[in-house]
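Structure, as structure tokens:
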Ligand code: SAM
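Shown next as structure tokens:
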């Protein structure tokens, strides 16, 4: 049975998405580990390595992590790149941001990571204010993806880097079947067990299914005006990292 996300309008979709992340915020980090078998950590570390900010401390290097939720990417980026980077985490959901703020405080990272509530489709930042933009497992939740991509381009400085990590299309024969079975039969019950509700996880599986193929998504990024757009698959395409540049 379908959770019905395909049939709802854009405004309604955002409300459903907000409800999902409000419900799972407390358990979000542990669920990620459970459901990806820890793989999300490797994919995220790989994304953060691609950022490669300059070593010079002449001026702070500013990263915007959109749909940044509990600050997982921000934390990894700061740990990887050290003191010269400043990260702004922007997410539409106060519950997710709340968990993130607490985490950052515990880790002593509050002077490098800032949390701001905002919508990917209408970012609350001036033009050309960031050196890089990341979005991890976030863009498929956004109702108007072209709008989010054009906002990403707007807030980047010239020479800025765009990186998007997202669940994608498995392109390994055999693995695709296993992955399908796992998605439909294991994820929702596991979600129900841990959070008491399977619906958010049915949404998760459905939203991954509806997200465009790697090549199509690369086209959308080009259409938004990014250049040198490319992607690489992780774990046979379970996830993919798309990148592009603003010139
Ligand atoms: N990036 C984090 C990570 O990888 O762990 C969190 C990813 S979580 C699967 C998706 C996040 O997207 C949620 O925190 C949700 O609130 C956020 N989100 C959904 N719609 C959004 C929108 N329109 N603008 C900004 N964030 C949004």
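Numbering (full-length UniProt numbering), first residue to last: 21 to 267.
Just so it is clear, CB atoms sit at the ideal spot from N, CA and C, and this is done for glycine as well.
For residue i, verify whether its CB is less than 6 Å away from any heavy atom of the ligand SAM.
i	result
residue 190	no
residue 58	no
residue 88	yes
residue 150	no
residue 230	no
residue 67	no
residue 210	no
residue 187	no
residue 158	yes
residue 107	no
residue 182	no
residue 112	yes
residue 140	yes
residue 249	no
residue 41	yes
residue 116	yes
residue 161	yes
Once DSSP output is grouped into helix, strand and coil, what is the label at residue i?
i	result
residue 149	coil
residue 261	strand
residue 228	helix
residue 106	strand
residue 254	strand
residue 30	helix
Between residue i and residue j, is the Cβ-Cβ spacing less than 7 Å?
i	j	result
residue 271	residue 119	With the chain represented from 21 up to 267, any question about residue 271 goes unanswered, as that position is not in the structure.
residue 174	residue 266	no
residue 268	residue 234	Any question about residue 268 goes unanswered here, given that the chain covers just 21 to 267.
residue 121	residue 135	yes
residue 167	residue 141	yes
Practice prompt. Please determine if the region 111 to 122 and the region 142 to 149 are in contact, where contact requires at least 3 C-beta pairs separated by less than 8 Å.
Written response: no
Worksheet item: Which whole runs of the beta strand (DSSP E) in the region 155 to 220 are 3 residues long or more, in chain order?
Response: 176 to 187
Discussion item. Can you confirm whether the region 35 to 51 touches the region 215 to 225 when touching is taken to mean that 3 or more C-beta pairs between the two stretches lie within less than 8 Å?
Written reply: yes
Practice prompt. Run through the region 73 to 141 for me and flag every whole beta strand (DSSP E) of 3 or more residues, listed as ranges in chain order.
Written response: Taking only runs of at least 3 residues, the beta strand (DSSP E) segments lying wholly in the region 73 to 141 are 81 to 86, 105 to 111, 133 to 137.
Discussion item. I'd like to know if the region 177 to 194 and the region 49 to 69 are in contact, where contact means that at least 3 CB-CB pairs between them fall below 8 Å.
Written reply: They touch, by the three-pair rule.
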